[in-house]
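Let me begin by presenting the structure, written as structure tokens, before commenting on it.
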Amino acid sequence: MEKIKLTIALSGLNNIDSPGPGIPVVRGLRDSKEIDARIIGLVYDNLEPGPYMHDLVDKSYKVPYPSDGVEPFLERIRYIHQVEKIDVLIPNFDSELFTFMKSEKILREMGIRTFLPTLQQFEERHKSNLPEYGKKYGVNVPFSAPITSVEDFRKMQDKFEFPVVVKGKFYDAYIAYDMDQVALYFNKIAAKWGLPIVIQEFVRGTEVNVIALGDGKGNTIGAVPMRKTYITDKGKAWGGITLEDPTMMDLTYKIISQTKWRGGMELELIRTTKNELYMIEINPRLPAWVYLAVAAGQNLPEALVKLAMDIQVAPFTKYDIGKMFIRYSFDLIVELNEFEKLSTKGEL
Amino acid sequence: MVKIKKNIAISDSGFVFDPGSGDSYSLNPSGLEIVQMIKLGKDFSAILEAVTEKYEVDSDSFERYYYDFIATLAQLHLTEPDGKD
Chain A
102 MEKIKLTIAL SGLNNIDSPG PGIPVVRGLR DSKEIDARII GLVYDNLEPG
152 PYMHDLVDKS YKVPYPSDGV EPFLERIRYI HQVEKIDVLI PNFDSELFTF
202 MKSEKILREM GIRTFLPTLQ QFEERHKSNL PEYGKKYGVN VPFSAPITSV
252 EDFRKMQDKF EFPVVVKGKF YDAYIAYDMD QVALYFNKIA AKWGLPIVIQ
302 EFVRGTEVNV IALGDGKGNT IGAVPMRKTY ITDKGKAWGG ITLEDPTMMD
352 LTYKIISQTK WRGGMELELI RTTKNELYMI EINPRLPAWV YLAVAAGQNL
402 PEALVKLAMD IQVAPFTKYD IGKMFIRYSF DLIVELNEFE KLSTKGEL
Chain B
663 MVKIKKNIAI SDSGFVFDPG SGDSYSLNPS GLEIVQMIKL GKDFSAILEA
713 VTEKYEVDSD SFERYYYDFI ATLAQLHLTE PDGKD
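Those sequence lines, one after another, are chains A and B.
Residue 288 in our numbering is what sits at position 187 of the first sequence, and the numbering runs on without skipping anything.
Residue 674 in our numbering is what sits at position 12 of the second sequence, and the numbering runs on without skipping anything.
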């Protein structure tokens, strides 16, 4: 079968100790037997490794940070599109999703397709809205509340028991054992990711995750559950293994069918010693461990691109259980002239 | 009768994999032999007979080791919760 030639732009090429999903998504696309992809990297920082990984990324362009506003971003995309003729764009950072969702129509008019959750789906699964989400969809969630100052937490402290989890709106989470630690982590996260900060009840148990892809009509195109077997001090998986877990799968099908989720997602769950599942977060994109799902038999990046291109995708019905990943670090040697190109011209 | 959970994978080398939790363990040859007998549906008395016939171990000692071993398997959630000898 002849492969479909597509130009796919994506971000999240920071393949560092807390990696973005970009490079694993590219690996999935490179494995595809149906898509012949030209990969365009959208880069925020000159030191993201992705642009220098020439066997995976064909061309990279610096793009403005989402916090700079929609217009500068769209202007840059217009320029890149003029040169590259982008077919599909896959944003891989939570922090840029809002900008992309807001621009979905404009991108579409330009001829660039995306496959993203709707604004409503994106908003209602925010960490700060999780209790309402749990109630609405009948899912166990830990008690949590958004705060904009440490004083806010002091006022509602009787509703929590220490330890509590202090979370940023996009990234970062720390376990705080007393008021001093709450204040410390509040300031640390707020300085980096802004407000609100979410205080969440700490649920003791094993952290398990599901990667999934919804077609936007209530169907789950693919889903693979995993347990982190090695966790870094940043809480990221450095190793993981696919599980056979019908309850996690049922929960995923239920959430996707009720919310009609569109796009990739990661459910972060805690399994308690009583075998109950608590949902602690929904990440609105494919996670950095997506290549484990590809290796287990579900090429979700390929399926996502096909959905974006309105190509029919049959739901995956199986995956390999007990498939493991072990992350590793690798020193990429970069010539100064390459770094120079990306830093001065914004292209490589 | 003790029953090993159906989904637990046990290889000939003694590698045990629990697909529900993702945990894995290694059995030594005697442990593997006993687990294989349990999987074949043998109860304690049948296993006792087979082991004491094959190895130099007295019944009392084996009984102690056996129930210790079974308790470990149960603690690791490798056996059905209702199965008992």
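Beta carbons are placed, not taken as given, at the ideal position from N, Cα and C, and that holds for glycine.
{"Item": "Cross-strand partners of Ile-322(A) (DSSP beta bridge)", "Value": "None; Ile-322(A) has no bridge partner."}
{"Item": "CB contact check: Ile-312(A) to chain D, cutoff 9 Å", "Value": "Considering every chain present, this structure includes no chain D. Its protein chains are A and B."}
{"Item": "Residues that Gly-423(A) contacts on chain B, provided the C-beta gap is smaller than 7 Å", "Value": "Phe-679 and Pro-681"}
{"Item": "Member of Pro-743(B), Asp-744(B) and Ile-666(B) whose CA lies at the smallest distance from the CA of Gly-703(B)", "Value": "Ile-666(B)"}
{"Item": "Reduced DSSP category for Tyr-145(A) - H, G, I as helix; E, B as strand; rest coil", "Value": "coil"}
{"Item": "With 16 other Cβ atoms within 10 Å as the buried cut-off, status of Ser-204(A)", "Value": "buried"}
{"Item": "CB contact check: Arg-328(A) to chain B, cutoff 9 Å", "Value": "yes"}
{"Item": "Cβ distance (whole Å) where Pro-218(A) is taken to contact Gly-364(A) below 8 Å", "Value": "5 Å"}
{"Item": "Outcome for Ile-117(A) when other beta-carbon atoms lying within 10 angstroms are tallied against a minimum of 16", "Value": "exposed"}
{"Item": "Contact set between Asp-346(A) and chain B, taken where Cβ atoms lie within less than 7 Å", "Value": "Gly-682"}
{"Item": "Ile-696(B) (DSSP reduced to helix, strand or coil)", "Value": "helix"}
{"Item": "DSSP beta-bridge partners of Lys-160(A)", "Value": "Ile-141(A)"}
{"Item": "Inside the region 289-356 of chain A only - beta strand (DSSP E) runs reaching at least 3 residues", "Value": "298-302, 307-316, 321-332 and 338-343"}
{"Item": "Exposure of His-155(A), with buried meaning 16 or more beta-carbon neighbours within 10 Å", "Value": "exposed"}
{"Item": "Coarse secondary structure for Ile-422(A), derived from DSSP in three states", "Value": "coil"}
{"Item": "Per-residue burial, Tyr-278(A) [other beta carbons within 10 Å of its own, 16 or more giving buried]", "Value": "exposed"}
{"Item": "Identified DSSP bridge partners for Phe-677(B)", "Value": "Ser-688(B)"}
{"Item": "Buried/exposed call for Asn-310(A), threshold 16 Cβ in 10 Å", "Value": "buried"}
{"Item": "Limits of the unbroken alpha helix (DSSP H) element including Val-406(A)", "Value": "401-409"}
{"Item": "Exposure label - Gln-359(A); buried when at least 16 CB within 10 Å", "Value": "exposed"}
{"Item": "Contacts around Pro-612(B), its chain only, beta-carbon distance under 6 Å, and the 5 residues preceding and following it disregarded", "Value": "Since the first residue of chain B shown is 663 and the last is 747, residue 612(B) is not available in this structure."}
{"Item": "Cβ-based burial, Arg-209(A) [other Cβ within 10 Å; buried from 16]", "Value": "exposed"}
{"Item": "Cβ neighbours of Met-349(A) in the same chain (closer than 6 Å, five flanking residues each side left out)", "Value": "Val-311 and Pro-326"}
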